[in-house]
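All remarks here apply to the structure that follows.
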Amino acid sequence: LKAENERLFAEFSDFCAQHTGDHPEVMSYLASRHQKTNPEYLASVEFRNVLGRCLTRVQARSSKVYVYINEICTVFKAHSQKKKPPLGP
Amino acid sequence: APVHMGEEEDDDDDPENRIAKKMLLEEIKANLSSE
């Protein structure tokens, strides 16, 4: 499952990179978020489902490429290994 | 074609995509400044 998710993420990244040439920093940011994500989550069925859905949709509608990158980034943030402590009052 | 001086070229037709792009770029900027 981990290998399958890595393959899907590579496919998603390759496709998005072709449509974000004006802002290459977005793909660097996505990659850095991916590295900071909990490995257990990266090997989960849940992640495969999210990734599979986003990949299918972005391939069908490349005009929404940033929408799906943003969605994956949000998912990565939610499952980040380094959780920031809650802010005080 | 008209030239918009001083304006960033924005060819995103999809409003949802434009908003997501703006959010991502702001997030990246905030991340860079916090490091």
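Sequences listed follow chains A and B, in order.
Just so you know, we're using this note's numbering here: the first sequence kicks off at 1 and counts up by one.
Just so you know, we're using this note's numbering here: the second sequence kicks off at 1 and counts up by one.
Beta carbons are placed, not taken as given, at the ideal position from N, Cα and C, and that holds for glycine.
Remember, it's a predicted structure, so these values are computed and weren't measured experimentally.
- When rounded, the separation of the alpha-carbon atoms in residue 14 of chain A and residue 89 of chain A is 42 Å.
- Listed as beta-bridge partners of residue 80 of chain A by DSSP are A:37.
- Membership of residue 24 of chain B in the alpha helix (DSSP H) is indicated by the continuous run 15 to 34.
- Excluding the 5 residues flanking it on each side, residue 2 of chain A has same chain C-beta neighbours closer than 6 Å at 43, in chain order.
- Take the alpha-carbon of residue 62 of chain A and the one of residue 22 of chain B: they are about 17 Å apart.
- A straight-line Cα-Cα distance of about 22 Å links residue 77 of chain A and residue 56 of chain A.
- Within chain B, 20 and 24 have C-beta atoms less than 8 Å from the C-beta of residue 69 of chain A, given in sequence order.
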